[in-house]
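Colleague: Please see the structure below; I have some questions.
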């Protein structure tokens, strides 16, 4: 039935979301969540994951350099480098 869904069938409370992400993506989201609750992380959390990956990729013992580049403490750089991803 989801393939027969039209934008006019969507309750007003969800139309903005459908229009923002695109109607096909909206239908996929409905199919995926099935009425369940999902958590959407803040952009800052996702950006931190990217930053931490870059730190691990660029680490070659240069803790002070990375600390300055990313405006983090040397302790934070050490913690990130030790994380396994």
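Residue numbers (the UniProt record's numbering): 1 to 85. All C-beta atoms, glycine included, are put in the ideal place defined by N, C-alpha and C. This one's a predicted model, so the numbers in the text were calculated from it and none came from an experiment.
#1: Taking the C-alpha atoms as reference points, what is the distance between residue 29 and residue 48?
#2: Can you grab the Cα-Cα spacing for the pair residue 81 / residue 65, in whole Å?
#3: So the alpha helix (DSSP H) residue 67 belongs to, where does it begin and stop?
#4: Go to residue 3, then tell me how far its alpha helix (DSSP H) extends in each direction, as first and last residue.
#5: Would you call the CB atoms of residue 63 and residue 78 closer than 8 Å?
#6: Output needed for residue 21: all residues of its chain with C-beta closer than 6 Å, excluding positions within five of it in sequence on either side, in chain order.
#7: Assuming residue 17 and residue 26 are in contact, meaning their beta carbons sit under 8 Å apart, how far apart are those beta carbons, in whole angstroms?
Modeller: In brief:
#1: Mapped onto the chain shown, residue 29 falls at position 29. Mapped onto the chain shown, residue 48 falls at position 48. For residue 29 and residue 48, the distance between alpha carbons rounds to 25 Å.
#2: For the purposes of this step, residue 81 is taken as the residue at position 81 of the chain shown. For the purposes of this step, residue 65 is taken as the residue at position 65 of the chain shown. Distance between the alpha carbons of residue 81 and residue 65: 13 Å.
#3: Here residue 67 is taken as the residue at index 67 of the chain shown, counted from 1. Segment 63-70, the alpha helix (DSSP H) holding residue 67.
#4: What you label residue 3 is simply residue 3 of the chain shown in a count that begins at 1. Here residue 3 belongs to no alpha helix (DSSP H), and DSSP marks it neither H nor E.
#5: For the purposes of this step, residue 63 is taken as the residue at position 63 of the chain shown. For the purposes of this step, residue 78 is taken as the residue at position 78 of the chain shown. Their beta carbons are under 8 Å apart, which means residue 63 touches residue 78 by this criterion.
#6: Along the chain shown, one-based indexing puts residue 21 at 21. Excluding positions up to five away in sequence, the list is empty.
#7: Counted from its first residue, the chain shown places residue 17 at position 17. Counted from its first residue, the chain shown places residue 26 at position 26. At roughly 6 Å, the Cβ-Cβ gap stays under 8 Å, so residue 17 and residue 26 are in contact.
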